[in-house]
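Here the sequence shown is numbered in the UniProt record's numbering, starting from 1 and rising by one per residue.
Cβ coordinates follow ideal geometry from the N, Cα and C atoms, glycine included.
A quick write-up on the structure given underneath.
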Amino acid sequence: MTTEDALATVGAVRATGGDASRPWTALASGYEQARAREDSLDRLVEWPAQRELLGDVTGLALLDAGCGNGAKVAQLVQEGAGASVGVDISDGFVVPPTGLELIQGDLSDLSALPGLAGRRFDRIMLLQSFGYARDSVLALTVAREMLTDDGFILLTRTHPVRYAIERAEENGTTLGEEYFSTEPFAYRHRNWDDAVTLTKRPYTIADLLNTFSAAGLWVEAVAEPAMAAEVGERYPHKRAVMNQYLGILLFKLRPLPQRPQ
Ligand SMILES: C[S@@+](CC[C@H](N)C(=O)[O-])C[C@H]1O[C@@H](n2cnc3c(N)ncnc32)[C@H](O)[C@@H]1O
Numbered sequence: 001m002t003t004e005d006a007l008a009t010v011g012a013v014r015a016t017g018g019d020a021s022r023p024w025t026a027l028a029s030g031y032e033q034a035r036a037r038e039d040s041l042d043r044l045v046e047w048p049a050q051r052e053l054l055g056d057v058t059g060l061a062l063l064d065a066g067c068g069n070g071a072k073v074a075q076l077v078q079e080g081a082g083a084s085v086g087v088d089i090s091d092g093f094v095v096p097p098t099g100l101e102l103i104q105g106d107l108s109d110l111s112a113l114p115g116l117a118g119r120r121f122d123r124i125m126l127l128q129s130f131g132y133a134r135d136s137v138l139a140l141t142v143a144r145e146m147l148t149d150d151g152f153i154l155l156t157r158t159h160p161v162r163y164a165i166e167r168a169e170e171n172g173t174t175l176g177e178e179y180f181s182t183e184p185f186a187y188r189h190r191n192w193d194d195a196v197t198l199t200k201r202p203y204t205i206a207d208l209l210n211t212f213s214a215a216g217l218w219v220e221a222v223a224e225p226a227m228a229a230e231v232g233e234r235y236p237h238k239r240a241v242m243n244q245y246l247g248i249l250l251f252k253l254r255p256l257p258q259r260p261q
């Protein structure tokens, strides 16, 4: 299915344009320091859920798009994944283990990156990075075309209700007003680097699902990880954050079967 066919399938897809990537040049090291903390939600909730949905990666070719410093895909290669690639717009990469290539580049068109044209991957990861694609449908369509026959995309995004609650608190508005708003908003993450402002476009659950359909993908599984009780007892301040703001959504996406012409 071409991108045009895919778009025609679902009709209008709201706001395919992405969040600006430029601030990440300044934000990347603060993000990685925050993520490495013992009590980061990535360590406590997100990465365990992402790892579980990925399943056994032994011998598989992985592409981690928007990989940050590359530590997650590096761990997977050390666990036995095959020749793999990480891509990020910033370049503060870990020293890669044998079998892993880390490339500075834009995930908006993965097939245009050096060495990636014509390559196929068993798992393509877009972990908290997909929102930065210039055109979300195009980026996902390109990623879909880079999958092996049994491949899937693991895509995670912040739960849109989380942003809506945060903005409702900040603006003295309601959850619904913010959830359905289409106005870009400024976002600063206290634990990453509160001097750097990201501009984010709001999205709804429907926007996400329509984008997947438009890119010729179907949702095989979705997860909304909660914090395990024993983790919450050890880190009550992070349990309080999850209880108030929810966390992330994880989608396991597979190509829709080709329709006969
Ligand atoms: C929230 S971090 C997530 C990092 C990592 N995937 C993880 O799960 O920890 C978002 C990442 O997307 C990267 N990024 C932002 N815009 C990008 C773009 N256009 N192309 C590639 N990477 C991008 C940032 O540099 C950052 O490393």
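| Check | Outcome |
| --- | --- |
| Sequence-distant residues of the same chain with beta carbon closer than 8 Å to G92, five excluded per side | A28, S29, E32 and N69 |
| As assigned by DSSP and simplified to three states, the class of M227 | coil |
| For E101, the residue or residues it bridges with in DSSP | V85 |
| Endpoints, alpha helix (DSSP H) assigned at Y132 | No alpha helix (DSSP H) holds Y132; DSSP gives it neither H nor E. |
| Coarse secondary structure for F93, derived from DSSP in three states | coil |
| R22 classed as buried or exposed, judged by whether at least 16 other C-beta atoms fall within 10 angstroms | exposed |
| Coarse secondary structure for P48, derived from DSSP in three states | helix |
| Contact check, A112 vs I124, beta carbons under 9 Å | no |
| Ordered list of alpha helix (DSSP H) runs contained in the region 139-172, each at least 4 residues | 160-171 |
| P236 to S129 span [Cα, whole Å] | 27 Å |
| G68, DSSP secondary structure in three states | coil |
| Cβ-based neighbour list, I246, same chain, cut-off 6 Å, excluding 5 preceding and 5 following | Here residue 246 is Leu; the residue named in the question, Ile, does not match the sequence. Within the same chain, L246 has close Cβ partners H159, V161 and R162. |
| C-alpha distance - P255 paired with L100, whole-angstrom precision | 25 Å |
| Cβ-based burial, L7 [other Cβ within 10 Å; buried from 16] | Here the model assigns L7 a pLDDT of 41, short of 50, so the residue's position is not dependable, and the following value carries that caveat. Buried is the call here. |
| Residue of V137, D194 and K72 minimising C-alpha distance to G216 | V137 |
| CA nearest to the CA of D180, picked from P202, C67 and E166 | According to the sequence provided, residue 180 is Phe. The question's Asp does not apply to it. Measuring from the Cα of F180, the nearest candidate turns out to be P202. |
| Beta-carbon gap between L249 and T98 smaller than 9 Å | no |
| DSSP three-state assignment for T58, whether helix, strand or coil | coil |
| DSSP bridge partner residues for P255 (one or two, in chain order) | L217 |
| Stretch pair the region 181-198 + the region 207-225: three plus CB contacts closer than 8 Å | no |
| C-beta atoms of L127 and G80 nearer than 9 Å | no |
| Euclidean distance between Cα positions of D106 and A20 | 11 Å |
| Closest Cα partner of G17 within the set E233, T199, T174 and E52 | T199 |
| Cα-Cα separation, L62 to A139 | 17 Å |
| Exposure label - G115; buried when at least 16 CB within 10 Å | exposed |
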